[in-house]
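Below is one structure, written out as structure tokens, with a few remarks after it.
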Amino acid sequence: MTGNSIKIRFFRKHIPAFDCLPGCHDCCGPVTTSPEEMARLPVKSDAQHDAAFAELNCVYLGKNGCEVYAERPLICRLFGTTPKLVCPHGKRPEAMIAPEVELQIELYMKSTRQVLV
Numbered sequence: 034m035t036g037n038s039i040k041i042r043f044f045r046k047h048i049p050a051f052d053c054l055p056g057c058h059d060c061c062g063p064v065t066t067s068p069e070e071m072a073r074l075p076v077k078s079d080a081q082h083d084a085a086f087a088e089l090n091c092v093y094l095g096k097n098g099c100e101v102y103a104e105r106p107l108i109c110r111l112f113g114t115t116p117k118l119v120c121p122h123g124k125r126p127e128a129m130i131a132p133e134v135e136l137q138i139e140l141y142m143k144s145t146r147q148v149l150v
């Protein structure tokens with residue numbers, strides 16, 4: 034297991050979970066992620082990426098929501114858990130992400146090459 038994989042595992046454990054508004058996918062637009070996270074996701078064709086991007090959607094957003102929810106990138110997990118990425122419907126966990134963990138995630142994202150999902 035690589036150092037980045039260990040960091041990703043740590044971050045996932047420390048990002049608080051909460052219930053989204055059923056059927057809402059307002060935060061499921063094009064995002065960037067690290068190559069380590071992207072490697073966990075199924076490969077999509079260029080045509081699928083182009084179609085999703087044309088609609089300003091994530092390529093992994095299906096009819097019933099996120100098709101890769103268990104493996105979704107850190108940026109997707111952060112939506113609604115920090116004042117920097119608020120849910121447009123006011124959903125949030127009881128306690129927001131710890132500021133020191135959020136800072137560590139920001140530093141991780143700045144230090145890794147990010148690719149468009």
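Residues 34 to 150, numbered by this note's numbering, are exactly what the sequence shown covers, in order. We treat Cβ as the ideally placed atom computed from N, Cα and C, and that holds for glycine.
With respect to Arg146, Pro63 sits apart: the two C-beta atoms are not nearer than 8 Å.
Between the alpha carbons of Leu54 and Val148 lies a gap of roughly 28 Å. Positions of the alpha helix (DSSP H) runs, each at least 4 residues long and wholly inside the stretch 113–150, are given as 132–144 in order along the chain.
DSSP places Glu70 inside the alpha helix (DSSP H), whose first and last residues are Pro68 to Met71.
The closest CA to that of Leu111, considering only Pro75, Ala128, Leu89 and Asn37, is found on Ala128.
Looking at the DSSP output, Thr65 bridges to Leu149. Under the three-state reduction of DSSP, Cys109 is assigned to helix.
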